[in-house]
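Engineer: Residue 396 in our numbering sits at position 349 of the sequence shown, with consecutive numbering throughout. My questions will all concern the structure given below.
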Amino acid sequence: MRRAFRLLGGAAGLTLPRGSREADFPEAAGQSNRKRTNSGSANDQNNQARKKAKIRHARVIHTQNVNPHSKLPKFLDVEKFISSRSFEIGAMERSMKLARDASGKRSFQTLPRHLRRRAASHFVRRVPTKLRPKARFEMKNDKPKILSKSVKMEKKWLKTHIWHAKRTKMTDLWGFRLAKTPTEKCFRTTYRAARHGFTLHDLSYYTHLNLSGEEEIIKQTLKTICDPTGVDPCSLRFTPGHRAAEIHLYSHQGWPYSLIGPATLLWRPVADSTLSPKGPLLTPSLDEANNQTSDRSPSSGSSTQRTVLLQIHPSLKTSTTEAIALASGGKVAVEELAELGCLELGGPRCLEMMGRVLTGIQEAEKREVESWLDAGFKPSVIPMGMIVGLTVDDPRLKFRTFFNFQRFPPKKKEKSDNLCPLQAQVIQPVIRLAKCDRFWDRSQSQKGIKFKNRTSTKEEPTGLDMTEEDDQISMLLVRIDGGWRMILPNNWTKAFFHSFIFSSARLVCLDQRAQIDFEAGHPSFPRDYPTLLPAAELADQHGSEEARYWARKPPAKRVNFKLMESRGGEGGDPFVPDWDVVIGQKGIQRNKRGEVMEELITDEIGQSDSRQPWLLIGPLVRVIVNNVQKLADSTREKQTLETVCGLAFQLIDRIIKKLKADLQWDQTNDLCKAKQLDSGLENPPKSRKRNDQTEFIGLITTGSFRLSNGSSIGFGAISLRKLIPIIICQQDFGPF
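Right, here's the structure in full:
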């Protein structure tokens, strides 16, 4: 009854039903819509009043004035009656439409639920055709999504993003939308594929920098930004362009303090009469290579223009370009090659799968590469760093033959017997195999991919034949630890990725790539490179995720870090490693002699908070630890730098001398106390409470169960300042 009166609220002279209140029908009682004290804000009431007035106005049906003296006819003609009442019928239809439109529903909400789409609220083309004009009109009144546009501009999709988004969990890292881990369980299967099968990872998010300039200037630039204790990328082992160098980059004259990160360096091969174009180039010794490099110095009067390809992590692009510009003084042109992509192939069967996908090798001097691929050698047969330049056919022509790899017949025995002498040969990097001028032509890399308008049929089970209209793709194959890297035009990454993934390749995401490095015993960048900015950003992101996961649990089901004996984690934060505690930047020393050491540090440095930790990495770390100052001075002399007689090593020497005296006094004091205890002259002292903070000499960056040896291991970093006293104790008093 109340509902009926509410619909007729605009009529005058209505009587209220029995038992009802005037407050329920303010319009029927002639009352004004007054503001109540407990009814909310005035703006909300005004909006509600306007909405009610709009709906009420939409429901009004306009009528024509009727003569009250007219009488009903004896007979009713339907056509004449409808034509005479056409105005009322049209007004009723218009009022019904206006009332329906004014009800507050969007266009997609007027559809039945079985016809609605999940994203129809913001996608006009998913609404039926008749409702699209109304949907477009409604979208004009919506607020623009400025935030979503800015977020899309910050991240970049790979060519294989759609394929990964359907099968993996995606994350935003380093300006890209990358695959973090597959949705299925893959811990053991990834290990089996890396150990016995074939793995595939899209490495197109890596940055490729093109360095061009005079050869001697490029060499001088590389010598000042590379690790002098590692391989020399300017020696004859790498400058011909048939080997790739794995190096560590530093800021200009910043070794060993300012580490940037790892990189892969490739020289573009050039035709040189002094090098052997036919046979393999024998690797000279280090002294011989340096002498040969120095003979071809600028004194000869010839300045050769060379090109270097530098492959780095995307988080190192800014720091690397700044270091090169500072070291070369602007004489080396640095350009980012966004048109290049990369696929990382791993496992012992990667050469076999490459032989099935990479077809159509036309160069006569590279026929032996085709025999390697057909033989299916293990990657260990090919030397590390070897570069092979190839030009192959479109992989989509043979895509039909990649399905269901298990159906491929096994290789014939007589074929494998013929390949035994080939495998027994020593395979060495050769310049003629590394040369591929078509790859270094940027116009070829920037060409778009053509749409394949032909498909293979059952009558063509081996695929389609190559025609003149089909494209050929040039690429570089670089031998790395555990597999190969395929550097190719970015537009062709998706085609080769699909060809490999449908030939029984195991997908590898970011977490699985770190797992493979962990099983192989190699550090993974940037996770296992502490004190660097990319590692700190990744640790903060991972720590925030762990903190949110910990906060979602009830207090009874989560770890109470406040009640733990040690400080809540490694330095106060249980989710993010604190390297300031490891290097002694924070905390209180355990013994009384720590006060002297703290005063010594403060006197030498001024403020202890101004010290920045730096990472020492390279093949000579063990030797450098045992001979810190001597080797550092001799190494920096190679870069024409001043010897390191600075504050850090002077401080270490003073600490070591102090610790030697203290340790000798401790040993004497312990012997005296032992004699006193034996004679009963002194009671044993009470054990003091240990401070676990001072026990930290390092932190684990990656720790997990290692399937290769069936035990748990970890990768980490320790403080050199805390390691040297331990080494001295072992040298003076024997192992602990």
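Built from N, CA and C at the ideal position, the CB exists for glycine as well. All values reported here derive from a predicted model rather than from experimental measurement.
1. Using the Cα positions of Arg97 and Arg173, report the straight-line distance between them to the nearest angstrom.
2. Residues in its own chain within less than 6 Å of His248 by CB, not counting five upstream and five downstream?
3. Considering only residues of the same chain and omitting the five flanking positions on each side of Ile563, which have a CB-CB separation below 6 Å?
4. Quick check: the Cα distance between Asn90 and Asp189, rounded to an integer number of angstroms?
5. In chain order, what residues of the same chain lie with their CB nearer than 7 Å to the CB of Arg485, ignoring the 5 residues before and after it?
6. Would you list, in sequence order, the uninterrupted beta strand (DSSP E) runs of no fewer than 3 residues that lie entirely inside the region 246-332?
7. Buried or exposed for Gln156, please, with buried defined as at least 16 other CB atoms from any protein chain shown within 10 angstroms of its CB.
8. Under 8 Å: do the region 264-273 and the region 225-238 share three or more Cβ pairs, one atom per stretch?
9. Near Ala542, what residues of its chain come up, given a Cβ to Cβ distance below 6 Å and the 5 sequence neighbours on each side ignored?
10. In the DSSP output, what is Asp440 paired with across the bridge?
11. For a test of the three-state rule: what should DSSP assign to Glu645, helix, strand or coil?
12. Once you ignore the five residues that flank Ser755 on each side, which residues in its own chain have a CB closer than 6 Å to its CB?
13. In this structure, how does DSSP classify Gly137 when only helix, strand and coil are distinguished?
14. The ligand HEM and Val381: does any heavy atom of the ligand fall closer than 7 Å to the residue's C-beta?
15. Can you give me the C-alpha to C-alpha distance between Ser758 and Gly750, rounded to a whole angstrom?
16. Can you tell me where the beta strand (DSSP E) holding Val355 begins and where it ends?
17. Tell me the DSSP secondary structure of Thr218 in three-state form.
18. Using only alpha-carbon positions, find the residue among Ile108, Ser571, Asp558 that is nearest to Arg141.
19. Please report the Cβ distance between Cys397 and Gly568, rounded to the nearest whole angstrom; I am assuming they are in contact, meaning their Cβ atoms lie under 8 Å.
20. Measuring alpha carbon to alpha carbon, tell me which residue in Arg160, Phe122, Thr110 is nearest Ile136.
21. Looking at the unbroken alpha helix (DSSP H) that takes in Lys127, where does it start and where does it end?
22. Restricting to Cα atoms, I'd like to know which of Gly377, Thr276, Tyr253 is closest to Cys389.
23. Locate the alpha helix (DSSP H) running through Arg235, then write down its first and last residues.
24. Could you compute how far the alpha carbon of Cys273 sits from the alpha carbon of Phe752?
25. Express the C-alpha separation of Gly665 and Pro275 in angstroms, rounding to a whole number.
26. Within its chain, find whatever has a CB closer than 6 Å to the CB of Phe424; leave out the 5 residues flanking it on each side and keep chain order.
27. What does the Cβ neighbour count give for Lys482, buried or exposed, with the cut at 16 atoms within 10 Å?
28. Taking Cys397 as part of the alpha helix (DSSP H), name the residues at either end of that continuous run.
29. Alpha carbon to alpha carbon, what distance is there between Arg224 and His208?
30. For a test of the three-state rule: what should DSSP assign to Glu415, helix, strand or coil?
31. Just the Cα atoms here: how many angstroms apart are Gly277 and Thr351?
32. Which residues share a DSSP beta bridge with Cys22?
33. Run through DSSP, which three-state label would Ile699 get?
34. Which same chain residues end up closer than 8 Å to Asp528 when comparing Cβ atoms and leaving out the 5 residues on each side of it in sequence?
35. Nearest CA to the CA of Glu410: which residue from Leu306, Leu480, Gln300?
Structural biologist: Quick answer:
1. 32 Å
2. Glu391, Val555, Arg560
3. Sequence-distant Cβ neighbours of Ile563 in its own chain, meaning closer than 6 Å and more than five residues away, are Ala241.
4. 20 Å
5. Thr438, Gln491, Ser521
6. 246-249, 254-261, 291-297, 306-314
7. The residue in question, Gln156, is exposed, as its Cβ has fewer than 16 Cβ neighbours within 10 Å.
8. no
9. Pro442, Arg443
10. Gln519
11. With a pLDDT of 40 at Glu645, under the threshold of 50, the modelled position of this residue cannot be trusted, and the question is left open.
12. Glu566
13. helix
14. No copy of the ligand HEM appears in this structure; indeed no ligand is present at all.
15. 11 Å
16. It spans 352-359 - the beta strand (DSSP E) in which Val355 sits, taken as one unbroken run.
17. strand
18. Ile108
19. Not quite, the Cβ-Cβ distance comes to about 20 Å (not below 8 Å), so this is no contact.
20. Minimum Cα distance to Ile136 is reached at Thr110.
21. For Lys127, the enclosing alpha helix (DSSP H) has its first and last residue at 125-131.
22. Tyr253
23. Here the alpha helix (DSSP H) through Arg235 covers 234-243.
24. 34 Å
25. 9 Å
26. Leu398
27. buried
28. Counting along the chain, the alpha helix (DSSP H) containing Cys397 begins and ends at 397-404.
29. Just so you know, the alpha carbons of His208 and Arg224 end up roughly 8 Å apart.
30. Judged by DSSP in its simplified three-state form, Glu415 adopts helix.
31. 26 Å
32. The structure shown does not extend to residue 22, since the chain is modelled only from 48 to 783, so the question has no answer here.
33. Summary for Ile699: the model assigns pLDDT 47, below 50, so the residue's position carries little reliability; its value from the coordinates is reported in the next sentence. Three-state DSSP puts Ile699 in a helix.
34. Met431, Ala567, His569
35. Leu480
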